[in-house]
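Numbering (the numbering used here), first residue to last: 17 to 269.
Taking it in order: structure first as C-alpha cells, then the write-up.
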Ligand code: PEP
C-alpha cells in the first residue's frame, strides 16, 4: 500500500515553548500509526532541532523543513541549505507551498532546482501544487496543475519521482475554511496520477503518495482520505490543535 501521510504545516506560528507543548500534547494522545502510515511535522526552521530531539526516535514520524534553498552553501544570507538539514537529521522539506510561490515569487523552474538538490541529499520533498480560484472558476485547473508538474518534476527519472510526496492544495481552499469536496479532491488526485502514469508508467505512478491540502479538519478528514487517490493530508490551521491533528492522524487509511 502507498504511504498514507498526515503532514502538519505550522507555517510561521507558535513560539518554541508552544511548539514543544503541542508536540508533547500530541504524543500524549492515543494515535496509532501503522507500518504504511506516517505523521510529518513541518515546523519553523528555528524549531527543527527541538522537533528532531523530540521525534527522531518515534516510529513512523518525520520532521520537515518548510523550505530550503537551491544552492549547496555560500553567501546566501538567511537561507537554509540541504546540508544544514542533513546535519540535523531532517529528512523532509515542503517545497512550492502556494504561500512561497505567491509571496516569494518561487517559480516552477526554481522549484525544479530545489527538488534536485534535495534528492541529491536524500531529503524527501513534499511538492505542493494547486490552482488559484480564478483558474478553478474558469475550469482550467487540470492544465494549470499539469504545467506545474511538467515544469518542476518531469525532468526527474522514475527512480527519483517515486521518492517524492506530492501535495495537491487548491489555493482557494487554503486557510479559507472552504474545503474541496471529496469528489473534487479525488478528481484532481486521479488526474495528477494519470499525468505521472503518462510520463513514467502506471506502476511508478501508483507508488507516489498524493496528499490533499486545504482546510483539512478532524470532521472532514475521514471522508477526504477515504478517496482512492487521496493518500492523506497536508494540514495548516488544524495541525496547531493537538486534538484536531491527532484525529486527522487517526483518519488515515
Ligand atoms: C497549508 O498550509 O498547506 C494548508 C493546507 O493550510 P490549511 O489547512 O489551514 O488550509
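All C-beta atoms, glycine included, are put in the ideal place defined by N, C-alpha and C.
Tell me which residue opens and which closes the beta strand (DSSP E) that residue i is part of.
i	result
residue 54	53–58
residue 104	Looking at the DSSP string, residue 104 is not in any beta strand (DSSP E); the run it does join, the alpha helix (DSSP H), is 98–104.
residue 225	225–229
residue 170	It is not in any beta strand (DSSP E) - residue 170 carries neither H nor E in the DSSP assignment.
residue 22	20–25
residue 142	140–145
residue 264	That residue, residue 264, is in no beta strand (DSSP E); its alpha helix (DSSP H) goes 258–266.
Please find out if some non-hydrogen atom of ligand 1 comes closer than 8 Å to the beta-carbon of residue i.
i	result
residue 185	yes
residue 25	yes
residue 232	yes
residue 240	no
residue 250	yes
residue 190	yes
residue 52	no
residue 229	yes
residue 253	yes
residue 122	no
residue 147	no
residue 113	yes
residue 84	no
For my contact list, residue i and residue j are in at a C-beta cut-off of 8 Å; report their separation, rounded to the angstrom.
i	j	result
residue 212	residue 241	No, residue 212 and residue 241 are not in contact; Cβ-Cβ is about 20 Å, not under 8 Å.
residue 109	residue 80	6 Å
residue 170	residue 218	Between residue 218 and residue 170 the Cβ distance is about 16 Å, and since that is not below 8 Å, they are no contact.
residue 45	residue 254	So it is not a contact: roughly 14 Å between Cβ atoms.
residue 142	residue 111	7 Å
Would the beta-carbon of residue i fall within 9 Å of that of residue j?
i	j	result
residue 249	residue 61	no
residue 187	residue 149	yes
residue 260	residue 234	yes
residue 145	residue 165	yes
residue 178	residue 137	no
residue 231	residue 247	no
residue 54	residue 19	yes
residue 74	residue 40	no
Taking the continuous alpha helix (DSSP H) assigned at residue i, which residues delimit it?
i	result
residue 35	32–44
residue 120	From DSSP, residue 120 is part of no alpha helix (DSSP H); its letter is neither H nor E.
residue 238	234–241
residue 64	64–71
residue 49	No alpha helix (DSSP H) contains residue 49, which DSSP labels as neither H nor E.
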